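First to last, the sequence lines map onto chains A and B. If you read the first sequence in our numbering, its first letter stands for residue 1262, the second for the next number, and so on. If you read the second sequence in our numbering, its first letter stands for residue 6, the second for the next number, and so on. Heads up: the structure comes next, in structure tokens.
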Amino acid sequence: MEEKEKAYRLHLMVCAGTGCVSNHAFEIKGALEKEIKKQSLENEVLVVTTGCNGFCERGPLLVVQPGNIFYQQLTEKDIPHLVEEHFLKGRPVQKLMYTPPKEKTPIPVLSDIDFFKGQVLIALRNRGLIDPEKIEEYIARDGYTAMAKALNEMTPEGIIEEIKKSGLRGRGGAGFPTGVKWEYVRNAPSTNGGVKYLVCNGDEGDPGAFMDRSILEADPHSVIEGMVIGAKAIGASEGFVYVRNEYPLALSRLNLALKQAREYGLLGKDILGSGFNFDIKVHRGAGAFVCGEETALLHSLEGRLGEPRPRPPYPAEKGLRDQPTCINNVETWANVPVIISRGANWYSSIGTKTSKGTKVFSLVGKINNTGLVEVPMGISLKEIIYNIGGGIPEGKEFKAVQTGGPSGGCIPKEKIDLPIDFESLTEAGSMMGSGGMVVMDEDTCMVDVARYFLSFTQDESCGKCTPCREGTKAMLSILTRITEGKGTEGDLVLLRDLAESIKDSALCGLGNTAPNPVLTTMQYFMEEYETHIKDKKCPARVCRQLNTYIVDENTCVKDGRGCDLCKRNCATDAILGEKGKAHRVVQEKCIKCGVCYDVCNFNAVKIE
Amino acid sequence: MSDQRTSAIVEKYGTDESATLSALQDLQEEHGYLPREALLDVSKRMEVPLSRVLSLATFFNAFSLKPKGKHHVNVCMGTACHVRGSQLILEKLERELGIKSGDTTPDRNFSLDAVRCVGCCGLAPVIMVGDTFHGKLSQAKVPGVLKKYGK
């Protein structure tokens, strides 16, 4: 506590999200502390670790407050210079600041950087500003005031009315109106003395998506606060957070946050003297994608196999242990406190007619600014990709963006002006999904992408219903055949028939939506399928069975002087040649791994 | 026959059938895999049919029935890694280590697995060796990474 009362001249906010931690953020923190001590600045400069800042591409990150000075891609050896120049002598270090691609002048202040400019932070309101391991910092940012208001001043009906009026829709993907769901659960009869349950779905399984992970890691109290408010609304006294097994940092921060909330009387019995009791247990998933589906998740919570069951009855009527259960996703819960404290009218002023508020996306793939972004609903894909995302690296051409994970689809560049909301994405054949946004460029093969997602869903299919178990397998084998150059024209008809019937007949959302990546790529990129089938070529040169690697002997000798690098890296001794002389590929031995193409510095290796 | 570590975990859960999954998770963490004896122990002492224990142990990806190597290499196969070439990285690792994904080297130094998204897409393509991330990889960088772990 003593430390808190001290006034520091500077606060160094070190991002400790998973991306930055993987980039050695803790070593940076250690180096900063060591150097600050060495310069005797420990009473003036405080090092704080925060949750994910969002700009993962540029990690490890450091933001200096006051001033909002943004440093990026730090290494341990930069630290002595940085501490001496900026924190001792007051001269910010330009070369460690962010310079946008193609520009020369660095941008010192975080809020002036395009990546941050277009964002509106609600679910991520505390990002980079608080230490997620300290409840005091959450409280200092008005944390738990919405909960106090809900518990002491509002009726359950009043809370539900406010959430309904706000227009908040489930952020897990399907976009069901949250307030309506709460009302169902509130009105559903319990067969066990009024027991109802509340669940936070943090089984974020979509590949290329890490929104929920970041919220749990950066601001776990926002989720807890939202859940307490929801519990009062529906009349639950027990809640669960189901967290993916692959998220150890999120698990540990959440557990710590729960412990602190209990110590402060913000969770448990008689919360804030209101007479309301509610507590939360954490359940660790065991690595099954299908458990993100709500009925499968509930089975797994009960310790059973994570297999889905037909709905209705929906969990709102018959959920955990057969009692009415309200399930919402992490991001949905994180939105709730803001709606209660700032009001439904304010919240619904952001967004479009049918999709209110903001949405968090993880912007990844072939994009300059990989990271986590929160944008108002209704923003166009173009703004996200080009303004916030900084466009496509290496001057390549944008081809498509994939949203909604394995349940979503690919939206082509012709639709880049599409406004992001639940309806328009569904209309385009994709879906909002939980928020993965994977950008693809001219070097991405759309048939391969479809095959990739099918191999994912086929592998993760729980096997309970036949359409999904057998259907996805059949679709995958057709797609694999096509990418290997063995496809026939009849395959496309068969693929579409299979897709339509799986869509109509699978038991749960995983199966119903599994064909989407295939259907959208067939809708928008048919010519790529046809080139694979008719010409046995992959235009993006991704499908390796269709590639032939050759060395242009002229370039090899003239520019590269027969540098021998390809031969040394070749796994199967398929390259012949001596240093200083022309090299060539022995096709019979080549396994088409492409390493020669990657390592050649002279573009002498060509793909035909 | 059950060893002490297994006993301690199984005892904690008593005969609460709904805790079977949690017991298996703890055992996986303790041993690094689910030894056959441990599964038999869970079945017997928690009074759950072995078929049910096995169905849980084989349904969830977090469980392994085979022991893992000293260094567990996980190759991220998330979408962002896929479009940046993770399949090639996996195949390169398979060739370098001389094993297939899912297997362990005969000297038990490495085991290799393909995993779903590990959620640090900014580093794609990325692999994890134990708890350490190695990002922005290329096939040519793979041997250098393995070298750090005694390959």
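Using N, Cα and C, we set each Cβ at its ideal position, and we do this for glycine too. The structure presented is a predicted model; accordingly, all values stated were derived computationally and were not measured.
Please report the Cβ distance between I1811(A) and T1833(A), rounded to the nearest whole angstrom; I am assuming they are in contact, meaning their Cβ atoms lie under 8 Å. Not confirmed; about 16 Å, so no contact.
Is the shortest distance between the beta-carbon of L142(B) and the beta-carbons of chain A less than 8 Å? no
Given P54(B), which residues of its chain have a CB within under 8 Å of its CB, disregarding the five upstream and five downstream residues? S48
Pick from G1855(A), N1589(A), N1864(A) and T1366(A) that is closest to K97(B), judged by C-alpha positions: Out of G1855(A), N1589(A), N1864(A) and T1366(A), G1855(A) has the C-alpha closest to the C-alpha of K97(B).
Does DSSP put M1262(A) in a helix, in a strand, or in coil? Note on M1262(A): pLDDT 42, under 50, position unreliable in the model; the coordinate value appears next. Here M1262(A) sits in coil by DSSP.
Quick check: the Cα distance between V1625(A) and V1699(A), rounded to an integer number of angstroms? 5 Å
Does any CB atom of chain A fall closer than 8 Å to the CB of E16(B)? no
Just the Cα atoms here: how many angstroms apart are E1507(A) and G1548(A)? 7 Å
Can you tell me the Cα-Cα spacing of E1263(A) and V1309(A), whole angstroms? Here E1263(A) scores only 45 on pLDDT, less than 50, and its place in the model is too uncertain to base an answer on.
Report the three-state DSSP secondary structure of L1260(A) (helix, strand or coil). What is shown of chain A runs 1262 to 1869, which leaves residue 1260(A) out entirely.
Going by DSSP in three states, V1308(A) sits in which element: helix, strand or coil? Residue state, collapsed to three classes: strand.
By a C-beta neighbour count over all protein chains shown, 10 Å radius and 16 as the cutoff for buried, is M1408(A) buried or exposed? With 16 or more Cβ atoms within 10 Å of its Cβ, M1408(A) is classed as buried.
If you measure from the beta carbon of G1280(A) to each beta carbon in chain B, is any gap under 8 Å? Chain B, which has a Cβ nearer than 8 Å to the Cβ of G1280(A), makes this yes.
Chain B contact residues for N1506(A), given Cβ-Cβ distances below 7 Å: A67
Ignore the nearest five residues each way along the sequence and tell me which others in G1431(A)'s own chain have a CB closer than 7 Å to its CB. F1437, T1439, N1589, N1590 and T1593
Which one or two residues does DSSP pair with Q1663(A) in a beta bridge? C1671(A) and V1699(A)
Hey, would you say R89(B) sits closer than 8 Å to P130(B), going by beta carbons? yes
Taking a contact to mean a Cβ-Cβ separation below 8 Å, would you say D1759(A) touches A1735(A) in this structure? At residue 1759(A) the sequence reads Leu, which differs from the Asp that was named. In contact: L1759(A) and A1735(A) (Cβ atoms closer than 8 Å).
May I have a chain-ordered list of the alpha helix (DSSP H) segments no shorter than 4 residues that lie completely inside the region 1374-1408 of chain A? Correct list: 1375-1378 and 1396-1401.
I need the DSSP call for I1611(A), collapsed to helix, strand or coil. coil
Rank H1342(A), A1595(A) and D1765(A) by C-alpha distance to the C-alpha of Y1399(A) and give the top, closest one. A1595(A)
Taking C-beta pairs closer than 7 Å, name the residues in chain A that S106(B) reaches, listed in chain order. Result: empty, since nearest Cβ-Cβ is about 12 Å, beyond 7 Å.
Host alpha helix (DSSP H) of K1290(A) (start-end): A1286 to K1299
Under a Cβ-count criterion, where at least 16 other Cβ atoms within 10 Å of its own Cβ denotes burial, should A85(B) be classed as buried or exposed? buried
Contact set for A28(B): own chain, Cβ-Cβ below 7 Å, skip 5 residues either direction: I14, V15, Y18, V47 and M51
Quick one: which chain B residues come within Cβ less than 8 Å of Q1663(A)? T84
Here's a check: name, in chain order, each residue in its chain whose Cβ is nearer than 8 Å to the Cβ of D1403(A), leaving out the five neighbours to either side. S1602
Starting from the beta carbon of L1566(A), find every residue of chain D whose beta carbon is closer than 8 Å, and list them in chain order. Checking the listed chains, one finds no chain D in this structure; the protein chains it contains are A and B.
Could you pull out every residue in the same chain whose Cβ sits closer than 6 Å to the Cβ of G1428(A), ignoring the five residues on either side in sequence? S1609 and K1617
Between the Cα of A1384(A) and the Cα atoms of E1745(A), D1473(A), L1519(A) and T1718(A), which residue gives the shortest distance? D1473(A)
Provide the residue span of the beta strand (DSSP E) that contains I104(B), from first to last. That residue, I104(B), is in no beta strand (DSSP E); it is neither H nor E in DSSP.
When the Cα atoms are used, what is the spatial distance from I1649(A) to S1641(A)? Approximately 11 Å, taken between the alpha carbons.
Cβ-Cβ separation, S106(B) to L93(B) (assumed contact under 8 Å), whole Å: 13 Å between Cβ atoms; not a contact.
At a Cβ threshold of 8 Å, is T25(B) touching chain A? Taking 8 Å as the CB threshold, T25(B) lines the interface with chain A.
Short of 8 Å in beta carbon distance, which residues of its chain neighbour P1468(A), apart from the five on each side in sequence? Order them along the chain. G1666, P1667, G1697 and F1717
Close beta carbons around H1844(A), own chain, < 7 Å, minus the five adjacent residues each side: V1812, C1817, G1823, C1827, K1828, I1836, L1837 and G1838
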